[in-house]
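> If you scroll down you'll find the structure; I have some questions about it.
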Amino acid sequence: MSVRRKYSLPGCTLILEGVTTEANGRRPTISAVVNAECHILGQAQILAGGQGFLQQLTETLSAYTQSLLSGIVPIVPEGHIVIEPLPPLQHRLTITDPGLEAPVSLDLSTLQLFDLLESLDQMLADARTLPGWSLDLKPLTRHQARLDPPITERATPAAIGLSSLAVAAIVLFFLPIPEVRRPTEPIPVSAEEAAQTTTTNEAAGSAPPTDPTQTAEADAAKSSGSAAEKNDSTDTDSKPKDAAETKATTDSQTPRSLNSDTQSDTNSEPEIIADSDQLYALNLKLDQDLSANWDSDTAPPTDREYRVSVGRDGAIIGYIGRSEGAESYVDSTPLPDLIYVPAEAGSAKVEAQADFRVVFSDSGTIEVSPWDGYAKTPSAPPSLTDAATVEQSLDRLSDTLYDQFKDDPNFDRTLAYRLGVTTDGTLAQVEPLTGDARSFYGETPLSDLYDPAAAIAVKDDRVTLSPLVEFRVVFKPSGVIEIAPWYGMQ
19 MSVRRKYSLP GCTLILEGVT TEANGRRPTI SAVVNAECHI LGQAQILAGG
69 QGFLQQLTET LSAYTQSLLS GIVPIVPEGH IVIEPLPPLQ HRLTITDPGL
119 EAPVSLDLST LQLFDLLESL DQMLADARTL PGWSLDLKPL TRHQARLDPP
169 ITERATPAAI GLSSLAVAAI VLFFLPIPEV RRPTEPIPVS AEEAAQTTTT
219 NEAAGSAPPT DPTQTAEADA AKSSGSAAEK NDSTDTDSKP KDAAETKATT
269 DSQTPRSLNS DTQSDTNSEP EIIADSDQLY ALNLKLDQDL SANWDSDTAP
319 PTDREYRVSV GRDGAIIGYI GRSEGAESYV DSTPLPDLIY VPAEAGSAKV
369 EAQADFRVVF SDSGTIEVSP WDGYAKTPSA PPSLTDAATV EQSLDRLSDT
419 LYDQFKDDPN FDRTLAYRLG VTTDGTLAQV EPLTGDARSF YGETPLSDLY
469 DPAAAIAVKD DRVTLSPLVE FRVVFKPSGV IEIAPWYGMQ
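The working numbering runs 18 ahead of the 1-based position in the sequence shown.
The following block contains the structure:
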């Protein structure tokens with residue numbers, strides 16, 4: 019059975035026509051290539067040939083590109099395809115196949131060259147195209163590698179540095195050692211002891227001390243004692259008022275918990291989580307917990323803002339309204355139902371917490387962000403790049419997308435996405451790469467397959483990001499789906 023497959027990039031399109039031995043299957047494996055065509059944007063000439071042409075073109079371009087990036091010219095096997103640099107910023111690709119009437123020569127820009135190479139790389143990464151062929155990459159030999167500078171040239175800076183250090187040490191050796199004197203410090207005396215000493219001296223009729231230091235200390239103690247007595251008398255009258263004001267201030271500034279005794283037995287303040295990666299994971303979990311338990315039909319007439327505290331495991335441990343009308347609207351939010359209440363009052367101990375700004379908007383959406391922002395940009399989720407895992411995930415993702423993709427989609431342009439899937443095949447990350455991809459997101463099967471909860475995991479009472487296998491997925495109006503590993507096959 020004949021199969022036609024296409025790999026597209028902005029500057030190049032690779033079209034393969036091959037044969038397969040599979041009778042059934044939505045996307046059969048191409049076991050042999052009959053014809054290959056490279057359509058390069060801006061070039062009228064089409065590069066075409068069979069499987070031998072395709073393999074030699076791939077090997078030649080790979081070796082040439084590696085030489086551009088490394089500056090080391092490798093040994094390229096002789097063949098009918100040659101590429102060489104053309105000053106200032108072009109590359110001349112020449113094909114001298116005996117079957118051609120005249121040699122074919124194309125002057126490619128660097129962008130065209132790398133698009134051509136990327137289309138070939140997508141073909142190599144496709145497990146259903148020529149699975150028995152892979153690019154044979156070998157390390158450079160000592161003859162190909164650059165020669166290092168002589169040992170004398172490399173050792174000269176170090177020798178000069180050691181000589182300078184030795185000269186400086188000899189000069190410093192003859193300098194006298196400076197005499198070190200420890201500064202004298204006054205002996206600290208508490209206010210009570212100073213006041214008691216003064217009272218005793220007055221009662222005994224002794225003369226005041228003649229030492230200026232002692233005189234100053236005695237005066238300071240006397241002033242401190244008078245001030246302390248004055249403050250004590252003042253505090254006695256105002257103590258009930260200050261306690262009430264303190265309680266009101268605390269209640270208005272601290273996120274409240276439904277169990278006020280949760281932290282009453284603990285004198286130490288909980289640790290504030292400031293790590294950007296952990297904040298990002300907690301941000302995702304809080305967003306998902308709130309979105310899954312909120313009815314957007316009950317959206318407020320205006321935005322309602324809250325300060326919400328969560329622990330390392332993502333559990334909500336407190337919240338407080340931060341905008342007008344927030345307290346009266348709180349029962350329409352999931353916050354009272356999601357807050358963590360310990361089994362026994364006063365037994366819970368919060369070791370660490372993070373605060374987030376949560377806004378229930380009038381448009382029916384929830385916005386969640388760290389209260390103090392991120393100290394630095396959070397790292398991307400850990401990526402799985404081993405060949406076995408990538409190939410298995412590629413096959414599973416391809417089958418899943420083709421099973422749910424319509425043959426006649428409702429869009430007329432190419433849609434590109436960056437996807438992340440877990441090891442069990444769950445789609446946990448979707449990033450549109452173009453504006454069209456964002457606009458037509460609902461026309462793809464991604465909206466039904468996307469499960470953001472799979473992007474996080476709770477391990478050892480700590481919220482972390484799940485490792486993902488990442489792919490570049492392109493949906494075509496013709497019903498074709500192109501899937502390639504984001505980091506290639508390693």
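Even glycine gets a Cβ: it sits at the ideal position worked out from N, Cα and C.
(1) Which same chain residues, not among the five before or five after Gln108, have their C-beta less than 7 Å away from its C-beta?
(2) I'd like to check one pair, Pro450 with Arg456: are the Cβ atoms closer than 8 Å?
(3) Can you check which of these residues, Leu129, Ile334, Asp373 and Asn53, is closest to Gly60 by C-alpha distance?
(4) Which residues mark the beginning and the end of the beta strand (DSSP E) in which Asp125 is found?
(5) Leaving aside the five residues before and after Ala406 along the sequence, list all residues of the same chain whose C-beta is less than 6 Å from its C-beta, in chain order.
(6) In this structure, does DSSP put Lys303 in helix, strand or coil?
(7) Could you say which of Leu412, Lys424 and Val386 lies nearest to Leu445 if we only look at CA atoms?
(8) Does any residue of chain B have a CB that is nearer than 8 Å to the CB of Met141?
(9) Looking at C-alpha atoms only, which residue of Leu135, Gly36, Val37 and Ile90 is the closest neighbour of Gln74?
(10) What does the alpha-carbon distance come out to for the pair Met19 and Arg146?
(11) Roughly how many angstroms separate the alpha carbons of Ser152 and Arg23, rounded to a whole number?
(12) Along the chain, which unbroken stretches of the alpha helix (DSSP H) at least 4 residues long are found entirely within the segment 371-398?
(13) Are the beta-carbon atoms of Val386 and Asn301 separated by less than 8 Å?
(14) Might you give, ordered along the chain, the residues of its own chain that have their beta carbon closer than 8 Å to the beta carbon of Ser241, omitting 5 neighbours on each side?
(15) Please determine if the segment 294-308 and the segment 470-482 are in contact, where contact requires at least 3 C-beta pairs separated by less than 8 Å.
(16) Identify whether Asp403 lies in helix, strand or coil by the three-state DSSP scheme.
(17) If you draw a straight line from the alpha carbon of Ser181 to that of Ser85, how long is it in whole angstroms?
(18) Can you give me the C-alpha to C-alpha distance between Glu102 and Ala81, rounded to a whole angstrom?
(19) On the DSSP letters alone, give me the boundaries of the beta strand (DSSP E) that Pro503 sits inside.
(20) Would you mind working out which of Leu104, Asp133, Leu72 and Ile90 sits nearest His98, comparing C-alpha positions?
(21) Does Ile33 come out as helix, strand or coil in the three-state DSSP assignment?
(22) Quick one: residues in its chain with C-beta nearer than 7 Å to the C-beta of Gly329, no 5 flanking neighbours on either side, listed in chain order?
(23) By the 10 Å Cβ neighbour count, where 16 or more other Cβ atoms means buried, how is Val21 classified, buried or exposed?
(24) Out of curiosity, what's the CA-to-CA distance linking Ile291 and Ser327?
(25) Ser26 to Thr174, Cα distance in whole Å?
(26) Considering only the alpha carbon of each residue, which of Leu415, Ala184 and Gly332 lies closest to Arg436?
(27) Can you check whether the CB of Tyr324 is closer than 8 Å to the CB of Val376?
(28) What would DSSP say about Ala145, mapped onto helix, strand or coil?
(29) Looking only at DSSP bridge pairs, what is Ile338 linked to?
(30) Can the beta-carbon of Val498 be found closer than 8 Å to that of Leu433?
(31) Can you check which of these residues, Gly36, Ser401, Ala54 and Tyr468, is closest to Thr76 by C-alpha distance?
(32) Please go through the same chain and pick out, in chain order, the residues whose beta-carbon is closer than 7 Å to the beta-carbon of Thr47, but skip the five residues on each side of it.
(33) CA-CA distance, Phe192 and Ala186?
(34) In chain order, what residues of the same chain lie with their CB nearer than 6 Å to the CB of Leu34, ignoring the 5 residues before and after it?
Considering the structure as presented:
(1) Cβ within range, chain order: Asp125, Leu126 and Ser127.
(2) If you check the CB distance, Arg456 and Pro450 come in under 8 Å.
(3) Ranking the options by Cα distance to Gly60, first place goes to Leu129.
(4) Membership of Asp125 in the beta strand (DSSP E) is indicated by the continuous run Val122 to Ser127.
(5) Cβ neighbours of Ala406 beyond the five flanking positions: none.
(6) Lys303: helix per DSSP, three-state reduction.
(7) Closest by alpha carbon: Leu412.
(8) Looking for chain B here will not work: only one protein chain is present.
(9) For the residues Leu135, Gly36, Val37 and Ile90, the minimum Cα distance to Gln74 belongs to Leu135.
(10) For Met19 and Arg146, the distance between alpha carbons rounds to 15 Å.
(11) Each residue's Cα considered, the two are about 18 Å apart.
(12) Listed in chain order, there is nothing to give.
(13) Contact: yes.
(14) Residue placement at Ser241 is poorly supported in this model, since its pLDDT is 45, which falls under 50; the coordinates still yield a value, given next. Excluding residues within five positions, none has a Cβ falling inside 8 Å.
(15) Contact between the segment 294-308 and the segment 470-482 is present, with at least three C-beta pairs closer than 8 Å.
(16) In the sequence as displayed, the identity of residue 403 is Thr instead of Asp. Note: Thr403 maps to coil in three-state DSSP.
(17) Ser181 and Ser85: Cα-Cα distance of roughly 41 Å.
(18) So the two alpha carbons sit approximately 11 Å from each other.
(19) Going by DSSP, Pro503 is part of the beta strand (DSSP E) stretching over Ile499 to Pro503.
(20) Per the C-alpha coordinates, the member of Leu104, Asp133, Leu72 and Ile90 positioned closest to His98 is Leu72.
(21) Secondary structure of Ile33 (DSSP, three-state): strand.
(22) For Gly329, where only same-chain residues beyond five positions count, the Cβ hits under 7 Å are Ile335, Val368, Ala370 and Gln371.
(23) Val21 counts as buried, since no fewer than 16 other beta carbons sit within 10 angstroms of its beta carbon.
(24) One C-alpha to the other measures close to 11 Å.
(25) For Ser26 and Thr174, the distance between alpha carbons rounds to 54 Å.
(26) Taking Arg436 as reference, the option from Leu415, Ala184 and Gly332 with the minimal CA-CA separation is Leu415.
(27) Closer than 8 Å, so yes.
(28) Under the three-state reduction of DSSP, Ala145 is assigned to coil, being neither helix nor strand.
(29) Ile338 is bridged to Arg325.
(30) No; because the gap between Cβ atoms is not below 8 Å, this pair is not in contact.
(31) Checked all of Gly36, Ser401, Ala54 and Tyr468; the closest Cα to Thr76 is Ala54.
(32) Around Thr47: Thr38, Glu40, Arg146 and Pro149.
(33) Just so you know, the alpha carbons of Phe192 and Ala186 end up roughly 11 Å apart.
(34) Excluding sequence neighbours, Leu34 sits near Arg23, Val51 and Ala54.
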